[in-house]
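Visitor: Can you read through this structure? Questions will come right after.
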Amino acid sequence: MSIYMIGDVQGCDTALGRLLDEMDFSPSRDTLYLLGDLVNRGPESLAVMRRLMALGTSAQCLLGNHDLFLLSVAHGVRKLHRSDTVDDILDAPDRDALLDWLRTRRMAIHEHGWLMVHAGVLPQWDVQRTVALADELHAVLQGPDWVDFLHTMYGNEPALWSESLAGAARLRVVVNALTRLRFCTAQGVMEFEVKSSAAVPPEGFMPWFDVPGRRTAGVPIAFGHWSTLGTVDRADLQALDTGCVWGGCLTAAGIDAQRPGQVERISVRCEQASKPGKR
919 MSIYMIGDVQ
929 GCDTALGRLL
939 DEMDFSPSRD
949 TLYLLGDLVN
959 RGPESLAVMR
969 RLMALGTSAQ
979 CLLGNHDLFL
989 LSVAHGVRKL
999 HRSDTVDDIL
1009 DAPDRDALLD
1019 WLRTRRMAIH
1029 EHGWLMVHAG
1039 VLPQWDVQRT
1049 VALADELHAV
1059 LQGPDWVDFL
1069 HTMYGNEPAL
1079 WSESLAGAAR
1089 LRVVVNALTR
1099 LRFCTAQGVM
1109 EFEVKSSAAV
1119 PPEGFMPWFD
1129 VPGRRTAGVP
1139 IAFGHWSTLG
1149 TVDRADLQAL
1159 DTGCVWGGCL
1169 TAAGIDAQRP
1179 GQVERISVRC
1189 EQASKPGKR
């Protein structure tokens, strides 16, 4: 059995197919963990979703910010922009089944020795707290009032986690950390405007994984979301959004469940160019 973690696919189904071929992936034998942003900006979002749904439990998927955006558009909370490429899903005859499958994906996974998130983890959270808060958000998305949650999900405030937070503010901090975080302060105040590499952080901020004393230090973590970050390939940290949809590569990290620090990266070049627009 082989286990692979895969970065942001963003609608690049052709590249995903070539990556699976490169890995000699077998759904009866192997397991994939996709780190969110399954759809949008690439040309084949519908094909990606149908492929992953068909793989059943052999493809475990996280929700990223683009996936949540698709759910928000589908329910009138957000409008499509020129650079969005999810019309094929919205117009599909099996649209409802696709969207129901998407909203039941998880927000964080801790399995095989790795904590997997789409974007980041706040320095105040240990593994158990991260997973518990992710499960809290997951339960809301599966609950009867999940569309109401989408209406309150967007916004940059509160920018700092507190155990006293409740309701929409609490869930907004959790979703922002798990699906949008790149930079924060040493105290965990999040910053959402700068999307550059870690080499040029905004003043007073640093990459979330460089915060001194973060409570997940030493825990192997895999994440996507940050295509401009560059290669981060460490025994305890794997950055797997290598910019496939922007002309880069689609990357997987093969892991050994018995030896979490043993990682083999596999990449394929993506030849599909996204529409112009924001990342």
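Sequential numbering of the sequence shown, starting at 919, is according to the numbering used here.
Cβ atoms here follow ideal geometry from the backbone N, Cα and C, with glycine treated the same way.
#1: Taking the alpha-carbon of Leu937 as reference, which of Arg1100, Arg1000, Ala1104 and Gly1172 has the nearest alpha-carbon?
#2: Count Cβ pairs between the segment 1060-1069 and the segment 1151-1169 that sit closer than 8 Å; are there 3 or more?
#3: Using the three-state DSSP reduction, which class does Met1071 fall into: helix, strand or coil?
#4: On the DSSP bridge list, what partners appear for Glu1109?
#5: Taking only three categories from DSSP, how would you classify Thr969?
#6: Please determine, among Gly1166, Ser1114, Gly1106 and Val1186, the residue with the shortest C-alpha to C-alpha distance to Gly1038.
#7: Grouping DSSP H, G and I as helix and E and B as strand, with all else coil, what is Trp1242?
#8: Report the three-state DSSP secondary structure of Ser1115 (helix, strand or coil).
#9: Look at the alpha carbon of Leu981 and the alpha carbon of Gly935, and state the distance between them as a whole number of angstroms.
#10: Assuming Gln978 and Val957 are in contact, meaning their beta carbons sit under 8 Å apart, how far apart are those beta carbons, in whole angstroms?
#11: Quick check for students: name the residue ranges of the alpha helix (DSSP H) that lie wholly in the segment 1024-1090, counting only runs of 4 or more.
#12: What residue range does the alpha helix (DSSP H) around Val991 cover?
#13: Can you give me the C-alpha to C-alpha distance between Arg1098 and Arg1187, rounded to a whole angstrom?
#14: How many angstroms separate the CA atom of Leu1017 from the CA atom of Leu970?
#15: Taking the DSSP output, what are the residues bridged to Val1150?
#16: With burial defined as no fewer than 16 other Cβ atoms inside 10 Å of the residue's Cβ, what is the status of Gly1073: buried or exposed?
#17: Closer than 6 Å by C-beta to Val1004: which residues in its own chain qualify, once you throw out the five before and the five after it? Chain order, please.
Guide: If we stick to the structure as given:
#1: Looking up residue 937 in the sequence shown gives position 19. Per the Cα distances, Gly1172.
#2: no
#3: Taking the first residue of the sequence shown as 1, we reach residue 1071 at position 153. Of the three classes helix, strand and coil, the one that applies to Met1071 here is helix, per DSSP.
#4: Sequence index remark: in the sequence shown, residue 1109 carries index 191 (1-based). Answer by DSSP bridge pairing, in chain order: Phe1101.
#5: By one-based count along the sequence shown, residue 969 stands at place 51. Residue identity differs from the one stated: residue 969 is Arg in this sequence, not Thr. Helix at Arg969.
#6: For the purposes of this step, residue 1038 is taken as residue 120 along the sequence shown, with counting starting at 1. The shortest Cα separation from Gly1038 among Gly1166, Ser1114, Gly1106 and Val1186 belongs to Gly1106.
#7: This structure leaves residue 1242 out entirely; the chain is present only between 919 and 1197.
#8: By 1-based counting over the sequence shown, the position of residue 1115 is 197. Assigned with DSSP and collapsed to three states, Ser1115 falls in coil, not helix or strand.
#9: Looking up residue 981 in the sequence shown gives position 63. Looking up residue 935 in the sequence shown gives position 17. Straight-line Cα distance between these residues: approximately 20 Å.
#10: Your numbering for residue 978 matches position 60 in the sequence shown. Your numbering for residue 957 matches position 39 in the sequence shown. Going by Cβ atoms, the distance from Gln978 to Val957 rounds to 16 Å, so no, they are not a contact pair.
#11: 1045-1060 and 1064-1071
#12: Mapped onto the sequence shown, residue 991 falls at position 73. Its alpha helix (DSSP H) spans residues Asn983 to Ala992.
#13: Walking along the sequence shown from the start, residue 1098 turns up at place 180. Walking along the sequence shown from the start, residue 1187 turns up at place 269. In a straight line, the C-alpha of Arg1098 is about 25 Å away from that of Arg1187.
#14: For the purposes of this step, residue 1017 is taken as residue 99 along the sequence shown, with counting starting at 1. For the purposes of this step, residue 970 is taken as residue 52 along the sequence shown, with counting starting at 1. Roughly 13 Å between the two C-alpha positions.
#15: Along the sequence shown, read from residue 1 onward, the residue named residue 1150 stands at position 232. Residue pairing for Val1150: DSSP places it in a beta bridge opposite Ala1157.
#16: Counting from one through the sequence shown, the residue named residue 1073 turns up at place 155. Counting other Cβ atoms within 10 Å of its Cβ, Gly1073 stays below 16 and is therefore classed as exposed.
#17: Numbered from 1 along the sequence shown, position 86 holds the residue referred to as residue 1004. The residues are Val957, Asn958, Ser963 and Leu988.
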